[in-house]
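See below for the structure under consideration.
In the UniProt record's numbering, the protein residues as written are 1 to 588.
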């Protein structure tokens, strides 16, 4: 709407102000000109009466006086000369109303006698209701006891007044139109920069900070445009700074391994990173919250948030979720002295707890594994010292047992040292290129005697597209030895152990399958951990004792070759260990 705009309001204000001033001025001007015309007419009539009275007083001839009177008077006026009470002369007039009215007024003699007797002048207006007009009567006394009266109608004066009024109103109308034009023009010139500033401000709200307002003048509006452009530059600078800081903060929060959640007082999530989102998704899954339902904050976070807001201090909680352990630290966020929300840091402590448990288990397992041979060494050595063995053969038997237990302790210590070097990344691979068939057959033939003693059928299957392969032969032989030895030790008499080797252009693949007792399903995820034994009852015999480090060492060797090792097993059906190593053979 035009009238609601600044241009409309300013133009209307100027127009109303000028119209009000012109109205007051027109009223005063019309009043002034109305009185002015009447006063001028009366003065002119009085001058005519005075001139004629001077002729009468000088004693001029009556015919001369009357002729001069006809010449001096206005055609629409009428003059009466009173020489004496009985001697009165009246001039002619083109206005018949003046003739009858003048005669009637002279016959009344009241005001006429007053002029003659008091020697005073007379100026009077008479309304004629029947003729709907007014006349002016002017009288001037003479020294010889007479008087001169001049009669004139106000029609001419009213016509002049009407013309003057029209002229005044026309001038006022023209002035108002010019005022309206210049008011709109001036308002437009004044508000045009403001409109451009409004458009620029709208662009700023849409993020277009390069918008500039043209500086057209050097007055206050021009200075406002300059300050507006400066404000836009400063706003762009600060917005960019805030955006960079926000992106930096978002990158830091997103790259954190710990979960971070920022909440307001109502529990609404303001900021969340992927680890925290993973925790919340896990909570929804565990509590059967449908994904498309209106999600609520996890109960633990709600309780902690309430405690933080009420107590205005940090809260530490331990949470268990889907078999994992989390530690949450929630601290308040302040708006000056008002707690406006909280930030929660959620750390997954599962791996730390697992590693701590492994460390404790490692110490316990090493202590357990060393305790038995140390006890045996101590016991048999005491038997020798105390001469419990009578014969040389008995002493040799005791010494043999002590030697075997010392060898077992040496193997345990060496395996621990190897495993420690591997896990610390200090393993050194001596990669060689050699023939695969003779290498595999030599390893398998080492176990032919052990398999035959245990009445186990040990077979080898080879599928070699290439005769050569490249890896550390000693380390991989250690893996073969561990897997084949475990397969024979955990297979009953009459069972089978099958070794299958495939040498392809891109990989070297091995399977060691046995028909033994198998491994329980719940133990499979932990089979490659140190000292882990799935079924302790299977390794109680002296011949089948192991340290529990072989598979952990094998996995580290395979990992060092950037390969993978897997196990598949079912109870009472057998176990299959397989590993593959990457290769870079070229077709030749």
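Glycine included, each C-beta is placed from N, C-alpha and C at the ideal position.
- Collapsing the DSSP output to three states places residue 88 in a strand.
- With distances taken between CA atoms, residue 338 lies nearest to 264 out of 172, 264 and 297.
- Within the same chain, and ignoring the five residues on either side of residue 317 in sequence, the residues whose Cβ sits closer than 7 Å to its Cβ are 300, 304 and 328.
- Here the alpha carbon of residue 44 sits roughly 13 Å from the alpha carbon of residue 78.
- Secondary structure note for residue 566: its beta strand (DSSP E) is the uninterrupted segment 564–570.
- A check of alpha carbon separations from residue 430 across 192, 476 and 266 identifies 476 as the nearest.
- Beyond the five residues adjoining it in sequence on each side, residue 455 comes within less than 7 Å, by CB distance, of 493 and 494 in the same chain, given in chain order.
- Under DSSP, residue 45 forms no beta bridge with any residue.
- Residue pairing by DSSP places residue 239 opposite no residue, since no beta bridge is assigned to it.
- Bridge pairing for residue 149: 80 and 139 [DSSP].
- If you draw a straight line from the Cα of residue 247 to the Cα of residue 253, it is about 10 Å long.
- Under DSSP, residue 264 takes part in a beta bridge, and its partners are 341.
- The beta carbon of residue 405 sits closer than 6 Å to the beta carbons of 373, 376 and 377 from its chain, once the five residues preceding and following it are set aside; these are given in chain order.
- Residue environment: residue 489 is assigned as buried (16 or more neighbouring CB atoms within 10 Å of its CB, all protein chains considered).
- Just measuring C-alpha positions, the residue of 106, 141 and 350 sitting nearest residue 122 is 141.
- Measuring C-alpha to C-alpha distances from residue 459 to each of 466, 465 and 449 identifies 449 as the nearest.
- A straight line joining the alpha-carbon of residue 146 with that of residue 159 spans about 34 Å.
- Judged by DSSP secondary structure, residue 274 falls within the alpha helix (DSSP H) whose first and last residues are 274–286.
- By the beta-carbon neighbour count (other beta carbons within 10 angstroms, threshold 16), residue 38 is buried.
- In the DSSP annotation of this structure, the continuous segment of the beta strand (DSSP E) that includes residue 463 starts and ends at 457–464.
- For residue 320, the three-state secondary structure derived from DSSP is strand.
- Looking from the CA of residue 157, the closest CA among 555, 134 and 506 belongs to 134.
- In the three-state reduction of the DSSP assignment, residue 123 falls in the strand class, which pools E and B.
- Buried is the label assigned to residue 52, since at least 16 other Cβ atoms lie within 10 Å of its Cβ.
- Taking a 10 Å sphere around the C-beta of residue 220, we find fewer than 16 other C-beta atoms and assign the residue as exposed.
- Counting the other Cβ atoms within 10 Å of the Cβ of residue 138 gives 16 or more, which makes it buried.
- Only exposed fits residue 278, as fewer than 16 other CB atoms lie within 10 angstroms of its CB.
- Taking residue 486 as reference, the option from 514, 466 and 461 with the minimal CA-CA separation is 514.
- Residue environment: residue 561 is assigned as buried (16 or more neighbouring CB atoms within 10 Å of its CB, all protein chains considered).
- The beta-bridge partner set that DSSP reports for residue 435 consists of 468.
- By the 16-neighbour rule on beta-carbons within 10 angstroms, residue 330 is buried.
- Proximity to residue 189 across 11, 207, 236 and 112 peaks at 11, based on C-alpha coordinates.
- Taking C-beta separations shorter than 6 Å and ignoring five residues to either side along the sequence, the partners of residue 436 in its chain run 464, 469 and 503, following chain order.
- Taking 8 Å as the cut-off, the beta carbon of residue 481 is found no closer than this to the beta carbon of residue 427.
- Per the coordinates, the alpha-carbon of residue 76 lies some 45 Å from the alpha-carbon of residue 15.
- The three-state secondary structure of residue 222, taken from DSSP, is helix.
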